[in-house]
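Working notes, structure below.
In this note's numbering, the protein residues as written are 1082 to 1513.
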């Protein structure tokens, strides 16, 4: 796949999922009770998606919601990415905001420049409403005025690979993890390191190896709550690429042993993790694998399925993998963000597929019991008819017997991932 196609399609799960999760009942700053958001997945949900901008506005858009109990901007939804018109070096951060629960978004605006060796960000909002963005390196920037201006608070390394940033919603600790030898497209194994700040980015710990025993990893993704931190990552076990997790019980000061999360991919594919934490302390990891009945000879995701596992002991152990949905699905370079919990600890997973005509489709599924995923099919708003988009031959409204049902949010024709409100391109789902 070309880098151009990757920019338009890779990681569509995060934006689709998070727009799904942001209900119209998002609480504003004037409301004192904590923001409480619970969700459901319903047929036709793609009709509720909101367009934010064009693919030419920003690269790999990320989304974050301000739910800080002391934030003056609580309820603001941010979509952020690097300027798509600048291909290398220092790029402006581009920000689009919603203050009405995601019903509408301001037009994307260019903010301050961030000099980082790559085109993707990892973003989060702290308890006071400050927005953090970690560029490759990692280079960490902070905004205290809803993304209008940014200042660099830390340059933690010089890696040419993405970092993962998470803010603990209880302790307000900022966690950043990355692989100094990682490759953005090939997932090169090497040490994984982390650093954290407990004072809003003012001071940071010296980057420390997460694996003191010499284990190697790639593609780290982090989540944190109440000083429990879990990092999901790729590693090799007996020359087979696997998905594993490592946990810290004390906010990143010390780390436990590696825990394998997935089952070996029968086709030897590399799992791309997404990690999330619930308000109650659960952790979830999702990924894609070539486990479908058509086997390794299938093309265009027709043997790719999406899986998830949950930890109820702060990441020390994980449940057996549960199938979320697919095929079709897609395995390719990604930057996390495909899994989330609501305030009731229901789990939501989003994923994508790409058809032979480069039409992309986004799906979402939810589970209240963390074992059974369900939702419903919806019709894409544009592109080829649904059965051609999905590469299957069955009635459009009939779920496959014995398979988890999931919602088809919409199709994204190549080059039309983001569109301005009132413009061309259909409703926005985004990419990251």
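For every residue, glycine included, the Cβ atom is placed at its ideal position computed from N, Cα and C.
So residue i is in the beta strand (DSSP E); what residue range does that whole segment cover?
i            : result
residue 1445 : 1441-1448
residue 1217 : Careful: residue 1217 lies outside any beta strand (DSSP E) and carries neither H nor E.
residue 1412 : Taken as a continuous stretch (DSSP letters only), residue 1412 belongs to no beta strand (DSSP E), as it is neither H nor E.
residue 1363 : Where residue 1363 is concerned, there is no enclosing beta strand (DSSP E), given that its DSSP letter is neither H nor E.
residue 1314 : 1309-1318
residue 1162 : 1158-1164
residue 1259 : 1255-1259
residue 1047 : Residue numbering for the chain in the displayed model covers 1082 to 1513; residue 1047 lies beyond these limits and cannot be assessed.
residue 1277 : 1274-1278
residue 1429 : 1428-1435
residue 1141 : 1139-1146
residue 1425 : Looking at the DSSP string, residue 1425 is not in any beta strand (DSSP E), and its letter there is neither H nor E.
residue 1322 : 1321-1329
residue 1355 : 1355-1358
So is residue i buried or exposed if we call it buried at 16+ other beta carbons inside 10 Å?
i            : result
residue 1229 : exposed
residue 1178 : buried
residue 1102 : Its pLDDT being 42, under 50, residue 1102 is placed unreliably by the model, and nothing is read from it.
residue 1414 : buried
residue 1384 : buried
residue 1243 : buried
residue 1447 : buried
residue 1411 : buried
residue 1254 : buried
residue 1224 : buried
residue 1137 : exposed
residue 1492 : Below a pLDDT of 50, predicted positions are generally treated as unreliable, and residue 1492, at 35, falls in that range; no measurement from the model is reported.
residue 1425 : exposed
residue 1445 : buried
residue 1422 : buried
residue 1489 : In this prediction, residue 1489 has a pLDDT of 46, which is less than 50 and means its spatial position is unreliable; nothing more can be read from the coordinates.
residue 1470 : Note that residue 1470 has pLDDT 24, beneath the 50 cutoff, so the model's placement of it is unreliable and no number is given.
Please tell me whether residue i and residue j are closer than 7 Å, where the distance is taken between their beta carbons.
i            : j            : result
residue 1365 : residue 1357 : yes
residue 1291 : residue 1313 : no
residue 1145 : residue 1159 : yes
residue 1311 : residue 1333 : no
residue 1198 : residue 1241 : yes
residue 1402 : residue 1450 : no
residue 1434 : residue 1409 : yes
residue 1282 : residue 1273 : no
residue 1341 : residue 1327 : no
residue 1331 : residue 1308 : yes
residue 1533 : residue 1315 : Given that the chain is displayed from residue 1082 to residue 1513, the structure contains no residue 1533 and the question cannot be resolved.
residue 1257 : residue 1219 : yes
residue 1175 : residue 1193 : no
When the Cα of residue i is compared with those of the options, which residue comes out closest?
i            : options                : result
residue 1351 : 1368, 1225, 1449, 1362 : 1368
residue 1245 : 1310, 1234, 1223, 1301 : 1301
residue 1221 : 1284, 1328, 1270       : 1284
residue 1389 : 1209, 1181, 1147, 1432 : 1432
residue 1135 : 1150, 1156, 1145, 1186 : 1186
residue 1195 : 1130, 1335, 1170, 1211 : 1170
residue 1190 : 1162, 1219, 1249, 1355 : 1162
residue 1202 : 1147, 1142, 1256, 1248 : 1142
residue 1361 : 1337, 1305, 1375, 1440 : 1305
residue 1353 : 1303, 1208, 1399, 1336 : 1303
residue 1148 : 1166, 1140, 1168, 1182 : 1182
residue 1210 : 1345, 1346, 1226       : 1226
residue 1420 : 1442, 1391, 1436, 1435 : 1391
residue 1528 : 1429, 1418, 1234       : There is simply no residue 1528 to check, as the chain begins at 1082 and stops at 1513 in what is shown.
residue 1238 : 1315, 1215, 1320       : 1215
residue 1386 : 1295, 1396, 1348       : 1348
residue 1398 : 1337, 1157, 1288, 1257 : 1337
residue 1131 : 1184, 1372, 1151, 1150 : 1184
Inset, instruction - Scan the segment 1366-1412 and note each continuous beta strand (DSSP E) run of 3 residues or more that stays entirely inside, going in chain order. - result: 1386-1392, 1403-1406
Inset, instruction - Enumerate, from N- to C-terminal direction, the unbroken beta strand (DSSP E) stretches of 3 or more residues contained entirely within the segment 1179-1247. - result: 1190-1196, 1202-1206, 1212-1216, 1220-1224, 1232-1236
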